[in-house]
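Position 2 (the sequence shown) corresponds to 705 in our numbering; numbering is contiguous.
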Amino acid sequence: MKLEIYDPALCCPTGVCGPDVDPELTRIAADIHVLQQHKADIQRYNLAQEPEPFVQQMEVGKLMEEEGTEVLPVSVLDGKVVKTAGYPSREELSEWFGMDRGILENKPAPSRVDISIK
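This is the structure:
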(Lines of atoms letter the chains of each structure in order from A; the text may use other names.)
(Lines give C-alpha, C1' and ligand atoms only; values in the text may rest on other atoms or scores of the structure.)
Protein backbone atom coordinates (compact mmCIF):
# COMPACT_ATOMS: atom_id res chain seq x y z
CA MET A 704 0.00 0.00 0.00
CA LYS A 705 1.20 3.47 -0.84
CA LEU A 706 -0.67 6.57 0.30
CA GLU A 707 0.05 9.94 -1.24
CA ILE A 708 -1.49 13.07 0.26
CA TYR A 709 -1.61 16.18 -1.90
CA ASP A 710 -1.80 19.11 0.52
CA PRO A 711 -2.94 22.66 -0.24
CA ALA A 712 -0.27 25.36 -0.08
CA LEU A 713 1.19 25.21 3.44
CA CYS A 714 3.83 27.37 5.12
CA CYS A 715 6.10 24.36 5.70
CA PRO A 716 6.14 20.66 4.75
CA THR A 717 3.77 19.61 7.56
CA GLY A 718 1.77 22.82 7.94
CA VAL A 719 2.36 22.62 11.68
CA CYS A 720 3.95 26.03 12.09
CA GLY A 721 3.01 29.62 12.80
CA PRO A 722 0.91 31.01 15.65
CA ASP A 723 -2.44 29.46 14.64
CA VAL A 724 -1.90 25.77 13.95
CA ASP A 725 -4.87 23.85 12.56
CA PRO A 726 -5.49 20.87 14.90
CA GLU A 727 -6.31 18.69 11.89
CA LEU A 728 -2.81 19.31 10.48
CA THR A 729 -1.31 18.35 13.82
CA ARG A 730 -3.38 15.16 13.90
CA ILE A 731 -2.55 14.05 10.36
CA ALA A 732 1.17 14.80 10.85
CA ALA A 733 1.19 12.72 14.05
CA ASP A 734 -0.81 9.89 12.45
CA ILE A 735 1.55 9.76 9.46
CA HIS A 736 4.56 9.69 11.78
CA VAL A 737 3.13 6.75 13.74
CA LEU A 738 2.16 4.85 10.58
CA GLN A 739 5.61 5.38 9.06
CA GLN A 740 7.15 3.94 12.23
CA HIS A 741 5.07 0.84 11.46
CA LYS A 742 6.53 0.76 7.92
CA ALA A 743 3.57 2.37 6.13
CA ASP A 744 4.50 3.94 2.78
CA ILE A 745 3.11 7.49 2.97
CA GLN A 746 4.21 10.57 1.05
CA ARG A 747 2.89 14.13 1.39
CA TYR A 748 3.22 16.83 -1.24
CA ASN A 749 2.81 20.54 -0.46
CA LEU A 750 1.46 22.61 -3.34
CA ALA A 751 3.53 25.64 -2.30
CA GLN A 752 6.82 23.74 -2.17
CA GLU A 753 6.37 20.80 -4.56
CA PRO A 754 3.98 21.68 -7.39
CA GLU A 755 5.37 19.09 -9.83
CA PRO A 756 3.72 15.99 -8.27
CA PHE A 757 0.33 17.73 -8.59
CA VAL A 758 0.83 17.91 -12.35
CA GLN A 759 2.34 14.43 -12.67
CA GLN A 760 -0.56 12.70 -10.88
CA MET A 761 -3.18 12.95 -13.64
CA GLU A 762 -6.25 12.47 -11.42
CA VAL A 763 -5.13 15.14 -8.95
CA GLY A 764 -4.34 17.56 -11.78
CA LYS A 765 -7.74 16.93 -13.35
CA LEU A 766 -9.56 17.43 -10.04
CA MET A 767 -7.74 20.72 -9.44
CA GLU A 768 -8.53 21.87 -12.97
CA GLU A 769 -12.23 21.11 -12.48
CA GLU A 770 -12.70 22.14 -8.82
CA GLY A 771 -9.74 24.38 -7.99
CA THR A 772 -7.61 24.14 -4.87
CA GLU A 773 -10.73 23.65 -2.71
CA VAL A 774 -10.48 19.95 -3.63
CA LEU A 775 -7.25 19.72 -1.60
CA PRO A 776 -6.13 17.80 0.32
CA VAL A 777 -6.48 14.78 -1.97
CA SER A 778 -5.55 11.28 -0.79
CA VAL A 779 -4.39 8.77 -3.41
CA LEU A 780 -4.08 5.13 -2.37
CA ASP A 781 -2.15 2.91 -4.77
CA GLY A 782 -2.79 5.36 -7.62
CA LYS A 783 -6.52 5.78 -6.97
CA VAL A 784 -8.15 8.88 -5.46
CA VAL A 785 -9.85 7.76 -2.24
CA LYS A 786 -10.62 11.09 -0.53
CA THR A 787 -10.89 14.75 -1.48
CA ALA A 788 -11.30 18.04 0.41
CA GLY A 789 -10.20 16.60 3.74
CA TYR A 790 -7.55 14.53 5.45
CA PRO A 791 -8.14 10.83 6.03
CA SER A 792 -9.64 9.98 9.40
CA ARG A 793 -7.92 7.62 11.80
CA GLU A 794 -10.56 5.05 10.94
CA GLU A 795 -9.78 5.34 7.22
CA LEU A 796 -6.02 5.19 7.80
CA SER A 797 -6.26 2.12 10.02
CA GLU A 798 -8.55 0.40 7.49
CA TRP A 799 -6.32 1.20 4.50
CA PHE A 800 -3.17 -0.02 6.23
CA GLY A 801 -4.78 -2.91 8.10
CA MET A 802 -3.70 -1.61 11.49
CA ASP A 803 -5.53 -1.34 14.78
CA ARG A 804 -6.93 2.16 15.25
CA GLY A 805 -5.51 2.16 18.78
CA ILE A 806 -2.03 2.50 17.29
CA LEU A 807 -3.01 5.95 16.02
CA GLU A 808 -4.58 6.95 19.31
CA ASN A 809 -1.40 6.06 21.20
CA LYS A 810 -3.23 3.28 22.93
CA PRO A 811 -1.89 -0.24 22.93
CA ALA A 812 -4.00 -2.78 21.13
CA PRO A 813 -6.20 -4.74 23.52
CA SER A 814 -4.52 -7.86 24.82
CA ARG A 815 -5.88 -10.93 26.47
CA VAL A 816 -4.35 -12.66 29.44
CA ASP A 817 -5.55 -16.05 30.62
CA ILE A 818 -5.01 -16.64 34.32
CA SER A 819 -5.54 -20.02 35.89
CA ILE A 820 -5.75 -20.39 39.65
CA LYS A 821 -4.91 -23.81 41.02
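For every residue, glycine included, the Cβ atom is placed at its ideal position computed from N, Cα and C.
If you're wondering where the values come from, they're calculated on a predicted model, not measured in any experiment.
Do residue i and residue j have their CB atoms nearer than 7 Å?
i: Asp710; j: Pro776; result: yes
i: Ile745; j: Leu706; result: yes
Helix, strand or coil: which one does DSSP assign to residue i?
i: Val724; result: coil
i: Ser778; result: strand
i: Ala712; result: coil
i: Ile820; result: coil
i: Lys765; result: helix
i: Leu706; result: strand
i: Gln759; result: helix
i: Gln752; result: coil
Can you tell me whether residue i is buried or exposed? The criterion is at least 16 other CB atoms within 10 Å of its CB, across all chains shown.
i: Asn809; result: exposed
i: Ile708; result: buried
i: Val785; result: exposed
Based on Cα-Cα distance, which residue from the options lies nearest to residue i?
i: Leu766; options: Leu807, Gln752, Lys783; result: Lys783
i: Arg804; options: Asp725, Val737, Glu762, Val758; result: Val737
i: Tyr748; options: Lys742, Gln759, Glu768; result: Gln759
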